[in-house]
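**Student:**
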Amino acid sequence: MAKAKNYRNFGREYFTSIHNLKLTQSLNIAFSIIKQPMKDEVTQLIKQEAQAIANIPVSDQYEAAVRLIEERVHQNKGKLVASGMGKAGQIALNIATTFSSTGTPAVFLHPSDAQHGDLGVIQPNDVLLLISNSGKTREILELVNLADNLYENLPIVVITGNPDSDLAKLANAVLFTGNPDEVCTLGLTPSTSTTTMTVIGDVLVVLMMKKIGFTNEDYAKRHHGGYLGDKSRTQARLLQTKK
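If you count by full-length UniProt numbering, then the sequence shown holds residues 1 to 243, one letter each, in order.
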């Protein structure tokens, strides 16, 4: 009896170990499939971001936006006032400073600060550049109402992932990001959407530089410090000697 019991125990342990081994092997295979080498994962993420940029819809709204900015800032001597909340606000700040350094005066206005006196930075000849992925950002919609109460019918350019939103309906020009899926593992953190917003901002800046004939000499006057300051002054001098 004891010997039979030992055989049964041995058999049970043997088959249990075989089962566990197969389970471990299966899990290892599954994890090896799921877990890519990091460089492959990086490549895939970059491809997703690049594809989102390639998918940005191109329309006549860009021409309308550039025309508004050129008219308000360069003809009527106003400025571009950029605003956004959260991550979109950081993009708006970057766009404003890039515009300023390339010949189109611009400022960033935080939508919350606007409700506490900073709204006064807006002047009657300005144009608003508002950024909201959802097009439903409460603070941005409130900013539109506040600005309209200050100066009626200020022209608005909107960058958004929702062209049917309330914010888009208030705009004179709507630049659609294409509403890409975020590369964030949760699908929530602004990542791909802010990439497309940044690219749209860069496109507007470059189009305006061409529109106003912005030169190396102009850039050198505005960007005195650092490597870019030295480079722009050198390029400006070289161009002068060729004339």
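For each residue, glycine too, the CB sits at the ideal point set by N, CA and C.
The structure displayed is predicted, hence computed values, not measured ones.
1. Going by beta-carbon coordinates alone, are Val127 and Gly161 separated by less than 9 Å?
2. Are the CB atoms of Asp181 and Thr195 nearer to each other than 9 Å?
3. Comparing C-alpha positions only, which one of Ile46, Val121, Gly86 and Thr97 sits nearest to Leu204?
4. Would you please state the rounded distance, in angstroms, between the beta carbons of Ser83 and Phe99? I believe it to be under 8 Å.
5. With the cut-off set at 9 Å, would you say Leu175 and Ala65 are in Cβ contact?
6. For the candidate residues Val42, Val81 and Val206, whose alpha-carbon lies nearest to that of Ile140?
7. To the nearest angstrom, report how far apart Ala171 and Val158 are at their CA atoms.
8. Use the C-beta contact count for Arg72: other C-beta atoms within 10 angstroms, 16 or more gives buried, fewer gives exposed.
9. Look at the alpha carbon of Ile200 and the alpha carbon of Val121, and state the distance between them as a whole number of angstroms.
10. Which residues in the same chain have their Cβ closer than 6 Å to the Cβ of Arg222, if we skip the five residues on either side of it in sequence?
11. From Gln61, Gly117 and Asn133, pick the residue whose C-alpha is nearest to that of Gly89; which is it?
12. Give every residue of the same chain whose Cβ lies closer than 6 Å to the Cβ of Ile56, excluding the five residues on either side of it in the sequence, and list them in chain order.
13. By the DSSP assignment, the alpha helix (DSSP H) with Thr195 in it spans what residues?
14. From which residue to which residue does the alpha helix (DSSP H) around Leu45 run?
15. Just the C-alpha distance for Ala168 and Glu63, rounded to the nearest angstrom, thanks.
16. Opposite Ser83 in the DSSP bridges: which residues?
17. Here's a check: name, in chain order, each residue in its chain whose Cβ is nearer than 7 Å to the Cβ of Met38, leaving out the five neighbours to either side.
18. Evaluate Leu45 with the Cβ neighbour count: other Cβ atoms within 10 Å of its Cβ, from every protein chain shown; 16 or more gives buried, anything less gives exposed.
19. Output yes or no for whether 9 Å exceeds the beta carbon distance between Asn94 and Thr198.
20. Rounded to whole angstroms, what's the CA-CA distance from Glu70 to Thr104? Just pull it up for me.
21. Span of the beta strand (DSSP E) holding Leu186?
22. With respect to the alpha helix (DSSP H) encompassing Ile140, which residues constitute its N-terminal and C-terminal limits?
23. Just to confirm my understanding: we take Gln123, look at its own chain, exclude 5 residues before and 5 after, and list those with CB closer than 8 Å. What are they?
24. So, for Ile212: in the same chain, excluding its five sequence neighbours on each side, which residues have a beta-carbon less than 8 Å away from its beta-carbon?
25. Comparing alpha-carbon positions, which option in Leu130, Gln61 and Ser112 lies nearest Ile91?
**Tutor:** Well, looking at it:
1. no
2. no
3. Thr97
4. Not really, about 13 Å apart at Cβ, beyond 8 Å.
5. yes
6. Val81
7. 6 Å
8. buried
9. 25 Å
10. Ser101
11. Asn133
12. Gly178 and Thr196
13. Thr192 to Ile212
14. Met38 to Ala54
15. 17 Å
16. Leu130
17. none
18. exposed
19. yes
20. 8 Å
21. Per DSSP, Leu186 belongs to no beta strand (DSSP E) and is neither H nor E.
22. Arg138 to Leu150
23. Gly78, Lys79 and Tyr151
24. Glu70, His74, Gly103 and Thr104
25. Leu130
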